[in-house]
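Just add 2 to the spot in the first sequence (first one is 1) and you have this note's numbering.
In what follows, a structure is listed as structure tokens, so that the remarks can point back to it.
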Amino acid sequence: MAKGIPSLTLIRDSLAETISTQIRQLQESGVLPQGTVRHPEIQDTKSAEHGDFATNVAMVSAKGLGVNPREMGEKIAAALLNLPQFRQVEVAGPGFINMFVDQAWLAGHMVLVLQAGTEFGRTETAAPQRINVEFVSVNPNGPITIGSGRGAAYGSTLCNVLAAAGNTVHREYYINDGVNSEQMRLFAESVRCLLLGNAVPENGYKGDYVMEVAETVRRMFSQGFHPLIAYSEKVLSEGPHPVLARHLESHRRLQNLIETHGTEGAISHADLGDLKLLAETLMTEAQSAALSAFGVKFDTWFSEQTLHDSGQVQSEIDTLEKAQVADTQSYRTQLKLAKGGKIEEVLQEQQAKDEDDADGVEPTLWLRSTKFGDDMDRVLRRRDGRLTYISSDVAYHWDKFNRPPNADKLITILGPDHHGYIGRLHAVVAALLVAEGMVKAESTGEPLGDIDAKLYSTPEERDTCHAALKLAREKLEVQIYQLVRFMKDGKPAPMRKRDGNIYALIDLMKEIGEAAKPNGTEEEKLEVGKDVARFFYLMRSHDTTFDFDLDLAARQSDENPVFYVQYAHARICSVISKAKESGFQADSISEDLASRLTHPAELALIKKICDLPWEVQRCAQDYGVHRLATYAIELARTYHAFYDQCRVIQPEQPELTHARLALCEGVKIALRSVFGLLGISAPERMESRAS
RNA sequence: GCCCCCGUAGCUCAGUGGAUAGAGCAACCGCCUUCUAAGCGGUUGGCCACAGGUUCGAGUCCUGUCGGGGGCGCCA
3 MAKGIPSLTL IRDSLAETIS TQIRQLQESG VLPQGTVRHP EIQDTKSAEH
53 GDFATNVAMV SAKGLGVNPR EMGEKIAAAL LNLPQFRQVE VAGPGFINMF
103 VDQAWLAGHM VLVLQAGTEF GRTETAAPQR INVEFVSVNP NGPITIGSGR
153 GAAYGSTLCN VLAAAGNTVH REYYINDGVN SEQMRLFAES VRCLLLGNAV
203 PENGYKGDYV MEVAETVRRM FSQGFHPLIA YSEKVLSEGP HPVLARHLES
253 HRRLQNLIET HGTEGAISHA DLGDLKLLAE TLMTEAQSAA LSAFGVKFDT
303 WFSEQTLHDS GQVQSEIDTL EKAQVADTQS YRTQLKLAKG GKIEEVLQEQ
353 QAKDEDDADG VEPTLWLRST KFGDDMDRVL RRRDGRLTYI SSDVAYHWDK
403 FNRPPNADKL ITILGPDHHG YIGRLHAVVA ALLVAEGMVK AESTGEPLGD
453 IDAKLYSTPE ERDTCHAALK LAREKLEVQI YQLVRFMKDG KPAPMRKRDG
503 NIYALIDLMK EIGEAAKPNG TEEEKLEVGK DVARFFYLMR SHDTTFDFDL
553 DLAARQSDEN PVFYVQYAHA RICSVISKAK ESGFQADSIS EDLASRLTHP
603 AELALIKKIC DLPWEVQRCA QDYGVHRLAT YAIELARTYH AFYDQCRVIQ
653 PEQPELTHAR LALCEGVKIA LRSVFGLLGI SAPERMESRA S
């Protein structure tokens, strides 16, 4: 585990701490009155005449202390001026404290950057958390689409950022392979129809990828399952493996069919469940390969069905029933909500008694999720006895807290179409917290109102449920990313096409690579495609819809910002290698480094480099990782400007050359760090566009 | 009806409650004998959808209106 650097070595944190200390001393010596002062925010200035950094601490704190903000600012400024970090401190406007920092002090931070090396950008945090992040998690019934690409890019980068900010992160993909799934049943049915030469069902799957799955399945039948069986047996002999065990049983069944009926006969006699297992496994493998090419790796690919097989689903449901947050009474509660989420009315809808139902009909098992803020109760077990998807979610969310062990928090990243799922997921976790006895509510002592009485039987139950929901919202954070509209030739390009085909992420990468690097190897093309696609997804806030210009992405030009940032890295590598030819080393830290770097373009660059850890921390706090892409562009721009104004290699000025090379090395370190977080490559060379 | 997201330059989008609202693309003008011109500098371009409110201060927070996108299954 990487250690990271203590956050106090960061410029902004260090300034904030210094200002806090000075204010405290001013209060102790009676220059400023006692009272709470907010932690100073260190802001950028918009023009050089306002100095290097500014803080509004006087403006936001003056009122509480009962003093004039400008006067307070003057007193703080006077105190700061005595410190070596500052060459000038001024109060401006309504009470801004504008700080002009000492250039050598500023440049001295470069030493810290160079010492941190590849660790630069990582920081320690006072309260590290153990976090499970689940993302992508699409059904194994098709390739990863360009739509899911956003979730993949966002989720993987968020994980990188959370880890860089000092947390322990577990990356997880949930495979929706439950045997009860209607969609997966239909997918398997479609594959079977293709295998048997029958027409695909009305709402079935028709894309070319389904045909490919069917062809692969046919090949597996003709080759037989012996190798797979042998492999599973070997692995299972070394220890338990629930998923493989299920596969082994299925493969044995299919092998028996082949031996009795021959290849074609086996296909037509095969159980739909066995075909489904083959089809979804192939699809999952394809998804995994595409995501891997996209730079996304998971610690766990978690199979939903294992929760059923192990009995965890049933046992968690029993626990919920015991705790009376789930029951089989024949009504469903629905909430009518007014604007602002206030409950206007509680409706209890009796279930129709269907006399036509045959034997074996069980009463519906309801999760009383309306006790936990959901707008309607949810079905856990259908009347035909089959469990719903949400029933697996109950066991799944409980199980997820084991990855990493004793997880503090779960983050689930979902697409815009799953927005309506947030409420019931929180209800699921809240119900679990109640049922597992994890909630201790303080009684509010308030009696049950009319509306409450329809939801809860006692005030204590209500208070417990409310407390559980509050805790659930802390334990499970759902992040929704918004829709992407893909534009081609100025027109929207649909993710799912009429002919049943899907615009797959892997195809997007290939297309971009083909256009950007027509003479490259397949691997190089995929890498370019990955870089461009990831950067495009990550440039915009995940929380807003945006247009993905496929033509621009495919164009290999200066219009494409990813090449702009990568070019900065390639330029630096070129300078450093040229310098080496002249006998200069970039990674040596000279003692007088700080005093040599005085040019405005150099100082701007130092400030920008040193901002990276701070940017990472901010992103980890509010999950707005798109700012890292903005940061990369800004850093590249600052470097390009420096490059234009400050010649690095000057043999007649070896000290300056060394200092500037160290600066280049610092930019390189920062760029590589941010590229790593964004999941894009750092090319050492970029060929001229002409070639 | 309810929920979520959005409305900022011609286009695509940034913008910690702070000072004169930014970038890329598009348009125009400059800069390669010198470390990669996939670069740099400059010009043009704005009732931050609208109306109230909170605040010393609002593009940012709150309420409402209008407009756009998405979601509200015993599907997952």
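Glycine is no exception: its CB is placed at the ideal position from the N, C-alpha and C atoms.
These numbers were taken from a predicted model, which means no experiment stands behind them.
Counting C-beta pairs closer than 8 Å gives three or more between the segment 160-171 and the segment 122-138, which meets the contact rule.
Straight across, the Cα-Cα distance linking S192 with M497 is about 20 Å. Partner residues in a beta bridge of P653, as assigned by DSSP, do not exist. For E136, the uninterrupted beta strand (DSSP E) run begins and ends at R132 to E136, by DSSP. When C-alpha distances from P142 are compared across D401, A281 and H642, the shortest belongs to A281. Under the Cβ criterion (8 Å, minimum of three pairs), the segment 374-394 does not count as touching the segment 94-114. Between the C-alpha atoms of K65 and Q623 there is a straight-line separation of about 28 Å. E526 and E318 have their C-alpha atoms spaced approximately 48 Å apart. With fewer than 16 neighbouring CB atoms inside 10 Å of its own CB, R26 falls in the exposed class. Here G209 is not near L188, since their CB atoms are 8 Å or more apart. Taken atom to atom, the span from the alpha-carbon of A56 to that of T120 is near 30 Å. L108 and D54 have their C-alpha atoms spaced approximately 10 Å apart. Note that the C-beta distance between S675 and G123 is below 8 Å. The beta carbons of T335 and M378 sit closer together than 8 Å. By the criterion of a C-beta distance shorter than 6 Å, H253 is surrounded in its chain by F227, L230 and I231, once the five residues flanking it on both sides are discounted. Burial check for P203: the Cβ neighbour count within 10 Å stays below 16, so the residue is exposed.
In this structure A664 does not touch L673 by the C-beta definition: roughly 15 Å separates them, more than the 8 Å allowed. Two segments are said to touch when three or more pairs of C-beta atoms, one from each, lie closer than 8 Å; by this definition the segment 424-437 touches the segment 464-483. With a threshold of 16 other beta carbon atoms within 10 Å, K236 falls short and is exposed. Boundaries of the beta strand (DSSP E) around R89: F88 to A94. By the neighbour-count criterion, in which 16 or more other beta carbons inside 10 Å mark a residue as buried, R40 falls on the exposed side.
DSSP places R380 in the uninterrupted beta strand (DSSP E) bounded by R380 to R383. For I148, the enclosing alpha helix (DSSP H) covers residues I148 to A166.
V103: member of the beta strand (DSSP E) spanning F98 to V103, first to last residue.
DSSP places T170 in the uninterrupted beta strand (DSSP E) bounded by T170 to I177. Here the alpha carbons of G425 and T366 stand approximately 21 Å from one another.
Under the DSSP definition of a beta bridge, F548 partners with V486. In the structure shown, D419 adopts helical secondary structure according to DSSP, grouped into three states. Rounded to whole angstroms, G149 and V486 show a C-alpha spacing of 7 Å.
Around the beta carbon of E346, a 10 Å sphere encloses fewer than 16 other beta carbons of the protein chains shown; the residue is thus reported as exposed. For K532, the enclosing alpha helix (DSSP H) starts and ends at E524 to M541.
In this structure A518 is buried. Its beta-carbon is surrounded by 16 or more other beta-carbon atoms within 10 angstroms. In the assembly as shown, I269 is a buried residue. Its beta-carbon has 16 or more other beta-carbons within 10 Å. The three-state secondary structure of K472, taken from DSSP, is helix. Contact between P71 and P96 holds, with the beta-carbon distance rounding to 6 Å and staying under 8 Å. Counting only the Cα atoms, M688 lies some 7 Å from Y569.
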